[in-house]
Every structure is written in structure tokens, then in C-alpha cells.
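Asker: One structure, pasted below without further comment.
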Amino acid sequence: MNPQHELIDMFVKVRPYLETGYEATILMYLLISERKANPLLSCDEIVSSMAYNLQYENGMTNGLRKLMGSQSDETAKEYLKSVFNDVRQKWTNDDLEDWLRTNTFFDTAVSAVRLLLEKECSVYIITTKSEEFTMRLLSAAGLQIPDNKVYGLGSGPKYQILNALSQVETGKQCFFLEDRLATLDECSNKGVDCDCTLAFATWGYNTKEQKDAASKRQYLMLDKNELLQYVRNRT
Numbered sequence: 000m001n002p003q004h005e006l007i008d009m010f011v012k013v014r015p016y017l018e019t020g021y022e023a024t025i026l027m028y029l030l031i032s033e034r035k036a037n038p039l040l041s042c043d044e045i046v047s048s049m050a051y052n053l054q055y056e057n058g059m060t061n062g063l064r065k066l067m068g069s070q071s072d073e074t075a076k077e078y079l080k081s082v083f084n085d086v087r088q089k090w091t092n093d094d095l096e097d098w099l100r101t102n103t104f105f106d107t108a109v110s111a112v113r114l115l116l117e118k119e120c121s122v123y124i125i126t127t128k129s130e131e132f133t134m135r136l137l138s139a140a141g142l143q144i145p146d147n148k149v150y151g152l153g154s155g156p157k158y159q160i161l162n163a164l165s166q167v168e169t170g171k172q173c174f175f176l177e178d179r180l181a182t183l184d185e186c187s188n189k190g191v192d193c194d195c196t197l198a199f200a201t202w203g204y205n206t207k208e209q210k211d212a213a214s215k216r217q218y219l220m221l222d223k224n225e226l227l228q229y230v231r232n233r234t
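Read in order, the letters of the sequence shown are residues 0 to 234 in numbering that gives the first Met the number 0.
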């Protein structure tokens with residue numbers, strides 16, 4: 000396999016352990032380092048080892064420290080966030096269409112959101128992606144969502160945003176779709192101040208173990224095809 004393709008293939012498999020965009024730089028650094036140190040290991044062996052370290056051995060923080068050296072964790076994180084954002088900004092400035100082609104939504108997810116908007120439901124986007132780039136992606140998908148209904152990177156924990164929105168959308172039922180198990184667990188454990196269905200997006204970046212755990216916690220399990228039907232049945 001082409002070394003670049005090999006790295007991308009391994010990155011996709013460890014992507015579920017990434018919480019926000021800049022951590023991609025840490026994952027790629029760890030994958031490259033692991034491949035150089037263990038040229039005879041298979042891709043699956045490297046992925047399995049990395050997944051264990053990321054899940055149980057504080058692998059992301061340790062990777063940050065290896066990559067950035069003696070800087071404090073917070074200083075290193077802010078630097079990587081800045082570099083990550085600058086590279087993305089340059090990409091969009093140089094060739095916005097190429098960036099948009101590389102970052103697309105699933106068709107059924109777009110259809111589900113479009114149906115909600117047509118039915119005049121309140122739709123909010125809560126994401127760890129920056130609001131600027133989120134708005135560009137939504138516009139490219141033909142989804143007209145006001146910027147005051149988009150909560151991006153730096154907006155705070157998602158359960159807190161849901162609680163704030165419950166004060167705005169009083170008396171309404173909430174449906175929250177998320178592909179990160181830890182985020183759903185935080186919403187469940189810390190509480191959401193409204194009647195909220197917590198749904199796990201099984202087509203997102205998550206592992207079989209995370210899917211099994213989400214099912215045992217009795218979150219609503221939806222794949223990308225079931226999502227549109229679920230919305231149709233409730234609007």
C-alpha cells in the first residue's frame with residue numbers, strides 16, 4: 000500500500016478517539032512515529048496498540064507532550080489550534096471548492112435537516128468545528144441556518160448549550176444527535192433541563208465497542224438511513 004494511503008487508512012481507524020480538529024495533528028504524529036519505530040508491524044497491529052493507548056493510557060496528552068516538548072499542555076494546545084486553523088484558512092483561501100469537496104455531509108443527514116427546516120422546527124448545530132467553517136459547509140449543502148443557531152468551537156460543553164437552549168425553546172421536546180459516546184454520557188450524567196432524546200449516530204466516527212456501550216445505555220441508536228425515516232415519522 001502507498002505509505003500516504005496507509006497513514007490515511009490508519010488515521011480513519013483511530014479517528015473515533017479524536018475530540019476536536021487540532022488533535023488530528025497529534026494522531027498523525029503518533030502514527031508516523033509508530034510506523035518508523037515498528038516497520039514490520041501490520042497496520043492493524045499499529046492501530047490496535049494506538050487505540051489502547053488513546054483509550055486507557057492518556058495517549059493524546061502523552062502524544063501532545065512528545066510532539067511539543069517542554070511547553071505547558073495549554074500553550075502547546077493553543078499553538079496547535081492556531082497552526083491547524085491557519086492551514087485550513089490558507090486552504091479555503093487558495094481553493095475553497097476543493098476544501099468543500101473534501102468536507103461533505105452525508106446526503107441523508109442533509110435531507111433530514113432540510114425536512115426539519117421545511118416543517119419549521121428549531122434546528123441548532125452544536126459542533127467542535129469553528130463557527131466560520133461550519134457556516135461555509137452548511138451554505139454549501141444548501142442549509143440556511145442562522146449563525147445565531149450555530150454553536151461552534153469554544154461555545155462550551157454541549158450539555159450546557161442544551162440547557163441554555165431549553166430556556167429559549169421552552170416546552171418543546173429536544174432531539175440531540177451525537178456520534179461521540181463521551182458527549183452523550185456527559186449529557187446523561189450531568190443532566191439536560193428538558194425532555195431530550197439522546198441519539199447516537201452510528202455512522203459517525205465511533206468504534207464497535209462504543210456502539211455496544213451506547214446501546215446498553217439505552218440511547219436511541221440511529222444509522223444514517225434510519226435518521227431520515229425517524230424525522231419523517233415525527234414531523
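Where is the CB? At the ideal position from N, CA and C, for every residue including glycine. Here the structure is a predicted model, which is why all the values come from computation and not from measurement.
1. Rounded to whole angstroms, what is the Cα-Cα separation between residue 212 and residue 183?
2. DSSP three-state label for residue 51, please.
3. Can you list the alpha helix (DSSP H) stretches of 4 or more residues lying completely in the region 88-146, in chain order?
4. Counting contacts by CB-CB distance shorter than 7 Å, is residue 85 in contact with chain C?
5. Just reading off the beta strand (DSSP E) that residue 195 is part of, what are its end residues?
6. Assuming contact is defined by CB atoms lying nearer than 7 Å, are residue 130 and residue 155 in contact in what I supplied?
7. Could you check which residue in 89, 185, 59 has the C-alpha nearest to that of residue 14?
8. Measuring alpha carbon to alpha carbon, tell me which residue in 215, 202, 181, 176 is nearest residue 196.
9. With distance defined between alpha-carbon atoms, name the residue in 128, 153, 123 nearest to residue 144.
10. Measure the Cβ-Cβ separation of residue 227 and residue 111 and say whether it is below 7 Å.
11. If you follow the alpha helix (DSSP H) that residue 183 is part of, which residue opens it and which one closes it?
12. Give the range of the alpha helix (DSSP H) segment to which residue 40 is assigned.
13. Rounded to the nearest angstrom, how far is the Cβ of residue 186 from that of residue 157, given a contact under 8 Å?
14. I need the DSSP call for residue 21, collapsed to helix, strand or coil.
15. Mapping DSSP to helix, strand and coil, what is residue 177?
16. If residue 231 and residue 114 are in contact, beta carbons under 8 Å, what's the gap, nearest whole angstrom?
17. Kindly list the residues whose CB is nearer than 7 Å to the CB of residue 118, restricted to its own chain and excluding five residues on each side of it in sequence; keep chain order.
Answerer: Let's see:
1. Taken atom to atom, the span from the alpha-carbon of residue 212 to that of residue 183 is near 11 Å.
2. Of the three classes helix, strand and coil, the one that applies to residue 51 here is helix, per DSSP.
3. Those alpha helix (DSSP H) runs which fall completely within the region 88-146 and span 4+ residues are 106-117, 130-139.
4. Any reference to chain C falls outside this structure, which holds one protein chain only.
5. Here the beta strand (DSSP E) through residue 195 covers 195-200.
6. No.
7. Checked all of 89, 185, 59; the closest Cα to residue 14 is 59.
8. Out of 215, 202, 181, 176, 176 has the C-alpha closest to the C-alpha of residue 196.
9. Of the candidates 128, 153, 123, 123 places its Cα closest to the Cα of residue 144.
10. With contacts defined by Cβ atoms closer than 7 Å, residue 227 and residue 111 form a contacting pair.
11. For residue 183, the enclosing alpha helix (DSSP H) begins and ends at 180-189.
12. Boundaries for residue 40: no alpha helix (DSSP H) harbours it, and the DSSP string shows neither H nor E there.
13. Indeed, because the Cβ distance is near 7 Å, the residues count as touching under 8 Å.
14. Secondary structure at residue 21: coil, using DSSP grouped into helix, strand and coil.
15. Per DSSP, reduced to three states, the secondary structure at residue 177 is strand.
16. Yes, residue 231 and residue 114 are in contact; Cβ-Cβ is about 7 Å, under 8 Å.
17. Residues of the same chain with a CB within less than 7 Å of the CB of residue 118, apart from the 5 flanking positions on each side, are 234 in chain order.
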